[in-house]
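Colleague: In our numbering, the protein residues as written are 454 to 819. Ideal placement from N, C-alpha and C gives every residue a C-beta, glycine not left out. Before I ask anything, let me first share the structure, which is written out below as structure tokens.
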Amino acid sequence: MSALARWVSPLVICVLAWQCGDPLAPPPLAEDPIALEVTAMRAAPVASAAKTDPLWVQVRPGVTAALDLAEQALAAGRRWTALERLAAARVDLVAAQYVADRPAEARKDVSGFEAEWARMGAELGASEDAPTAKAFDRVYPAAARALAEASSFQVKVIYDAGLEYGRATDADSGLFYVGAAQAQQQFAAFARTVLQSSTPVLSVRSLVAETNALETTLLALYRPPVSIDRHSEFIGASLALKEARELDAAGLRYGALQRYLLAVLRTALLRPAPALSESAAIRARLLAAAPTLSDYSIDHTIAIMFLERALTELDRPEATAASVGIALAVADEVLPKYFAALEAAPAMVSPRTPRVTVTLVRWPFT
């Protein structure tokens with residue numbers, strides 16, 4: 454496939470889908486809430502270019518790069534990849550801006566930080582219970598709902614962690630957590646605007662069996678030397694798995710599915726990378742899955758988000774082992790496990806009850 458075809462075909466598909474009445478078809482870029490939000494967020498680094506706050510200076514290049522990737526994804530017709538990039542960019546942008554805009558008394562010592570932390574708790578509703586699934590019934594499509602559920606759940610988690618982190622380090626570090634919690638709340642609100650019309654319901658069940666099985670796989674991979682050389686990647690996979698379990702336990706099934714698939718992807722990447730020569734065959738396999746995911750009777754946007762990510766990696770001007778590895782992991786692991794998660798839950802294997810046999814032997818001469 455030519456480079457031109459790779460970039461144009463998604464746009465053609467989107468136009469045809471819009472003309473045929475696909476409920477998931479994106480609006481024109483000029484009206485797309487995601488595109489408009491990217492533009493609005495781009496204005497923040499420009500307006501704050503003169504700021505010299507060290508934290509802001511540190512995160513600005515990463516925010517700009519994430520927004521660049523979101524724009525590129527939109528241009529390629531990969532809307533859900535753009536939404537994912539937008540969510541990532543918002544956390545650092547909002548958190549850094551929040552810290553930079555705090556008054557000096559909130560940043561100079563722990564007592565000032567604690568007062569600001571308490572004030573923001575009321576604003577964020579941090580004392581309230583975690584959101585329920587019903588709160589997201591009108592968030593469409595499944596990809597937006599998944600990210601919104603995960604973001605909403607993280608608000609209290611990040612906010613609470615910020616207090617201890619600020620006490621253990623410094624005020625600015627704790628305030629960054631508070632700003633990150635605010636960013637998660639803002640993104641969850643924005644996700645409600647992504648699509649105004651309802652989409653076919655995706656039935657998502659509990660993933661207890663799947664997360665248990667993935668943990669077994671992850672632990673089996675945790676052996677030297679890879680457990681030492683790639684320790685941070687194991688942490689990333691374990692974190693995604695932990696989030697999936699917490700969301701599942703809270704009944705936030707869409708968010709749990711997205712985080713579970715992310716954990717599947719990160720776990721698969723811990724295996725040896727494929728050869729660069731495999732990229733064409735992997736692309737063909739991914740494109741072969743597209744018609745199934747384009748079934749308008751089911752909202753497959755969570756899977757499409759991962760498919761878009763894989764194709765984006767293969768579209769890099771110069772493929773790397775890492776980019777081809779991501780694409781292969783989506784084809785080999787993520788998509789099959791997505792479809793398996795839509796089927797009936799597998800039979801739960803009861804954990805074996807630990808048994809200890811103690812034999813008492815009396816020495817005859819005592």
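Taking the straight line between their C-alpha atoms, what separation do you get for Leu655 and Asp752?
Modeller: Going by the C-alpha atoms only, they are around 6 Å apart.
Colleague: In the DSSP assignment, the alpha helix (DSSP H) including Leu546 goes from what residue to what residue?
Modeller: Taken as a continuous stretch (DSSP letters only), the alpha helix (DSSP H) holding Leu546 covers 532 to 553.
Colleague: Do you know whose CA, among Ser750, Ala774, Leu740, Arg698, lies nearest Glu761's CA?
Modeller: Selected option, being the one with the closest Cα: Leu740.
Colleague: Rounded to whole angstroms, what's the CA-CA distance from Ala636 to Pro744? Just pull it up for me.
Modeller: In a straight line, the C-alpha of Ala636 is about 35 Å away from that of Pro744.
Colleague: Could you check where the alpha helix (DSSP H) with Arg645 kicks off and where it finishes?
Modeller: Here Arg645 belongs to no alpha helix (DSSP H), and DSSP marks it neither H nor E.
Colleague: I need the straight-line Cα distance from Ser625 to Ala633, nearest angstrom please.
Modeller: The residue asked about is misnamed: residue 625 is Asp in this sequence, not Ser. When rounded, the distance between both Cα atoms is 12 Å.
Colleague: Confirm, please, whether the CB-CB distance from Val783 to Leu710 is below 8 Å.
Modeller: Cβ distance not < 8 Å, so Leu710 and Val783 don't count as in contact.
Colleague: Using the C-alpha atoms, what's the distance from Ser747 back to Ala726?
Modeller: Between Ala726 and Ser747, the C-alpha separation is close to 29 Å.
Colleague: According to DSSP, simplified to helix, strand and coil, what is Tyr618?
Modeller: If DSSP states are grouped into helix, strand and coil, Tyr618 belongs with the helices.
Colleague: Are the CB atoms of Ala497 and Leu546 within a distance shorter than 8 Å?
Modeller: Against a cut-off of 8 Å, the Cβ pair of Ala497 and Leu546 comes out as a contact.
Colleague: Please confirm whether Ser732 and Ala794 have their CB atoms less than 8 Å apart.
Modeller: No, Cβ-Cβ distance for Ser732 and Ala794 is not below 8 Å.
Colleague: At a cut of 8 Å, does the region 525 to 532 reach the region 576 to 584 through at least three beta carbon pairs?
Modeller: Flag = no, the region 525 to 532 and the region 576 to 584 do not touch.
Colleague: Would you mind giving the Cβ-Cβ distance between Val592 and Arg645, rounded to the nearest angstrom? I have them listed as a contact below 8 Å.
Modeller: Right, their Cβ atoms sit about 5 Å apart.
Colleague: Measure the alpha-carbon distance for Ile779 versus Arg598 and round it to whole angstroms.
Modeller: Each residue's Cα considered, the two are about 24 Å apart.
Colleague: Can you tell me whether Tyr593 is helix, strand or coil according to DSSP?
Modeller: Strand.
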